[in-house]
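Everything below concerns the one structure shown next.
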Amino acid sequence: MLTRALVRGLAWDVGLPLAAYYLLHFAGATDWAALLAATGAAACRLLWTAFKAHSLNPFALLMAIVFGLGLGLSFLTGDPRFLLLKDSAITGGIGVSFLVLAALGHPLTLDAAKTWSPERAGEMDLEFHGNPAVHRWHLKVSAVWGAALIAEASTRAVLVYLLPIDVMVGVSAALAVMVFAALIAWTVRDRRRRQAAWSS
9 MLTRALVRGL AWDVGLPLAA YYLLHFAGAT DWAALLAATG AAACRLLWTA
59 FKAHSLNPFA LLMAIVFGLG LGLSFLTGDP RFLLLKDSAI TGGIGVSFLV
109 LAALGHPLTL DAAKTWSPER AGEMDLEFHG NPAVHRWHLK VSAVWGAALI
159 AEASTRAVLV YLLPIDVMVG VSAALAVMVF AALIAWTVRD RRRRQAAWSS
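For what it's worth, the numbering used here labels the leading residue of the sequence shown as 9, then goes sequentially.
In structure tokens, the structure reads:
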């Protein structure tokens with residue numbers, strides 16, 4: 009149950025704005041339009057969870073802020089390499105947020121799971137604070153997500169200066185999709201493995 013809620017929460021909170029962003033890029037939209045769509049998607053997700061749970065979703069709020077900042081930066085320059093580097097700033101910023109909040113004892117993975125199953129939010133909080141194994145697992149997963157997203161951002165930043173711009177546009181989108189898919193697959197597999205160990 010928790011695995012499904014976590015994956016769905018991450019898919020909506022991270023996947024929805026990223027999908028809006030890259031789909032418009034593939035369709036030939038301007039970077040400004042793609043960022044506007046991503047910011048709008050994140051904002052809609054934030055409003056929907058706020059209406060459903062009667063509280064702000066920290067993860068959705070973070071995504072709205074990150075894409076909103078990217079939207080603001082898009083007005084500063086028309087340099088195509090800068091626009092691609094801005095993609096790294098977005099994913100890198102999300103990665104840093106994962107790490108910082110995990111270090112503060114408030115993993116974003118817990119927020120992602122709670123937003124998809126608000127009726128179990130209290131139970132998840134009790135499990136997180138009362139079960140050391142669950143507590144460590146959330147912190148570990150948040151750290152892995154943070155490190156992976158920072159690594160993805162750093163790889164893109166290097167490739168921006170190694171590959172032609174027209175090639176890098178496609179590589180940038182593919183990189184984001186592959187890393188996000190790999191993180192979800194690893195999270196599901198690790199959760200199932202841990203559940204088996206906890207029940208044994």
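Backbone N, C-alpha and C define an ideal beta-carbon position, used for all residues, glycine too.
- Inclusion of VAL168 and MET176 in the CB contact set at 8 Å is warranted, their separation being smaller than that value.
- For GLU135, the enclosing alpha helix (DSSP H) covers residues 129-138.
- Taking the Cα of ALA165 as reference, the smallest distance to any Cα among GLY36, ALA141, GLY100 is reached at GLY100.
- Inter-segment contact for the region 148-165 and the region 187-196 is present: three or more beta-carbon pairs are separated by less than 8 Å.
- Judged by DSSP in its simplified three-state form, HIS143 adopts helix.
- Approximately 7 Å separates the beta-carbon atoms of TYR29 and ALA45; this is inside 8 Å, confirming the contact.
- The residue from GLY48, TRP194, THR163, MET132 with its alpha-carbon nearest to that of LYS94 is THR163.
- With 16 or more other CB atoms across the displayed protein chains lying within 10 angstroms of its CB, HIS146 is buried.
- For HIS33, the enclosing alpha helix (DSSP H) has its first and last residue at 24-34.
- Exclusion of the five residues before and after GLY130 leaves no residue of its chain whose Cβ lies closer than 8 Å to its Cβ.
- GLY103 counts as buried, since at least 16 other C-beta atoms from the protein chains shown sit within 10 angstroms of its C-beta.
- Contact between LEU92 and SER150 fails: their C-beta atoms lie close to 27 Å from each other, not under 8 Å.
- C-alpha of ARG89 to C-alpha of ALA111: approximately 33 Å in a straight line.
- Across the structure, SER105 and LEU171 are spaced so that their CA atoms are roughly 29 Å apart.
- The C-beta distance from THR47 to GLY76 rounds to 5 Å, short enough to meet the 8 Å contact threshold.
- Between the alpha carbons of CYS52 and VAL152 lies a distance of about 27 Å.
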